[in-house]
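Encoded as structure tokens, the structure appears first; notes follow it.
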Amino acid sequence: MECEGGMTGALRKPRPRAVWVAASDHSEGLGRIHEPGVAAALWRRQRDPGFAAWIEGVSPDKLPRLRAQMAVTEVEAAVHAACDVTGLVLSQERQTLASDAAALARVFGAVMATTRVQVRLDVIQTNACHKFHCDRITARLLCAYRGHGTEYGPAAADGIVPRHNALAPFDAAIFRGTLWPGEDCGLLHRSPPIAGTGETRLLLVVDLPEDEEDCDCGLPHLLS
577 MECEGGMTGA LRKPRPRAVW VAASDHSEGL GRIHEPGVAA ALWRRQRDPG FAAWIEGVSP
637 DKLPRLRAQM AVTEVEAAVH AACDVTGLVL SQERQTLASD AAALARVFGA VMATTRVQVR
697 LDVIQTNACH KFHCDRITAR LLCAYRGHGT EYGPAAADGI VPRHNALAPF DAAIFRGTLW
757 PGEDCGLLHR SPPIAGTGET RLLLVVDLPE DEEDCDCGLP HLLS
């Protein structure tokens, strides 16, 4: 029997589905994103109390905004330049922010074998991307420096996420997207709904240079 498209015999087998979260206390653990069945690799990190107090106290209009493609070696300078634009005064805490974003970009670059990345610093005060979804990219690193972290959970057969967890502030995680080769992603994520709470989030996003900034949440992207 011949099927449409020239296939003969048995129907094409569905791709395996990755749903596991591989958690670690060190940066090398992010490399587990390449393991079969792993949909996200999580690096649990401790946020310095002094930095936490500083970043939570920065006026939202002073938080840096960034959206650019660059070499991983250029990220620290790019974050400082973004801070200069908003008037965020140079300090040890600002240096911590810039150097940490650069370090995460380097780790992502090493894990994904790239020397160039797309980097975003998004200041979020709305319900942007609050529907559970999987991004139309290969892989994406997320880290919330301020506010609640990204929420994630396995999807049921109907696409609903019946239960979910959340990254802690300063945790870094690499999530697979729909373009990841070989396995479908059964782990969905979303931005926590914060509209009306007065919360402001500062989110670092690192993507591969060839991946477009897009997702499957079905919502307008209100990130600024």
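The opening residue of the sequence shown carries number 577 in the numbering used here; numbering runs sequentially from there.
For glycine and all other residues, C-beta sits at the position ideal for the given N, C-alpha and C.
Only a predicted model underlies this, so the values are computations on that prediction, with no experimental measurement involved.
Margin query: For residue 750 and residue 717, what's the separation of their Cα atoms in angstroms?
Written below: Taking C-alpha positions only, residue 750 is separated from residue 717 by approximately 4 Å.
Checklist line | For residue 667 and residue 625, the rounded distance between their alpha carbons | finding: Residue 625 and residue 667: Cα-Cα distance of roughly 16 Å.
Note to self: Measuring straight from C-alpha to C-alpha, what distance separates residue 700 and residue 605?
What the structure shows: For the pair residue 700 and residue 605, the Cα-to-Cα distance works out to about 28 Å.
Note to self: Is it the case that the region 721-733 contacts the region 766-777, given that we only count it when at least three CB pairs across the two stretches are under 8 Å?
What the structure shows: Touching, per the Cβ criterion.
Next item on the list: Pull up the distance between the alpha-carbon of residue 594 and that of residue 685, whole angstroms please.
Entry: Residue 594 and residue 685: Cα-Cα distance of roughly 22 Å.
Check: Roughly how many angstroms lie between the CA atoms of residue 670 and residue 642, to the nearest whole one?
Finding: A straight line joining the alpha-carbon of residue 670 with that of residue 642 spans about 15 Å.
Item checked: Three-state secondary structure assigned by DSSP to residue 759 -> DSSP places residue 759 in the coil class of the three-state scheme, outside both helix and strand.
Note to self: Quick check on residue 745: buried or exposed, where buried means 16 or more other Cβ atoms within 10 Å of its Cβ?
What the structure shows: Residue 745 comes out buried.
Check: Going by the CB atoms, is the gap between residue 690 and residue 785 shorter than 8 Å?
Finding: Result yes, Cβ atoms of residue 785 and residue 690 sit closer than 8 Å.
Next item on the list: Mind checking who residue 728 pairs with in its DSSP beta bridge?
Entry: DSSP links residue 728 through a beta bridge to 741, 765.
Next item on the list: Return the Cβ separation of residue 616 and residue 763 in integer angstroms, given the expectation that the two are a contact with Cβ distance under 8 Å.
Entry: Yes, they are in contact, since the Cβ atoms of residue 616 and residue 763 sit about 6 Å apart, within 8 Å.
Next item on the list: Within the same chain, show all residues whose beta-carbon is closer than 8 Å to that of residue 792, passing over the 5 residues directly before and after it, in chain order.
Entry: Because residue 792 carries a pLDDT of 41, less than 50, the predicted location of this residue cannot be relied on, and the following value inherits that uncertainty. Residues of the same chain with a CB within less than 8 Å of the CB of residue 792, apart from the 5 flanking positions on each side, are 709, 710, 711, 712, 754 in chain order.
Notebook entry, point to check: Do you know how far the Cα of residue 782 is from the Cα of residue 579?
Noted result: Residue placement at residue 579 is flagged as unreliable, the pLDDT there being 38, under the threshold of 50; the coordinate-derived value follows with that caveat. For residue 579 and residue 782, the distance between alpha carbons rounds to 41 Å.
Margin query: Considering just the uninterrupted stretch of the beta strand (DSSP E) at residue 618, what are its terminal residues?
Written below: Residues 614-619.
Notebook entry, point to check: Would you say residue 598 and residue 611 are within 8 Å of each other, going by their C-beta atoms?
Noted result: Residue 611 is positioned such that its CB atom lies closer than 8 Å to that of residue 598.
Notebook entry, point to check: Does the Cβ of residue 629 have 16 or more other Cβ atoms within 10 Å, making it buried, or fewer, making it exposed?
Noted result: Residue 629 should be labelled exposed.
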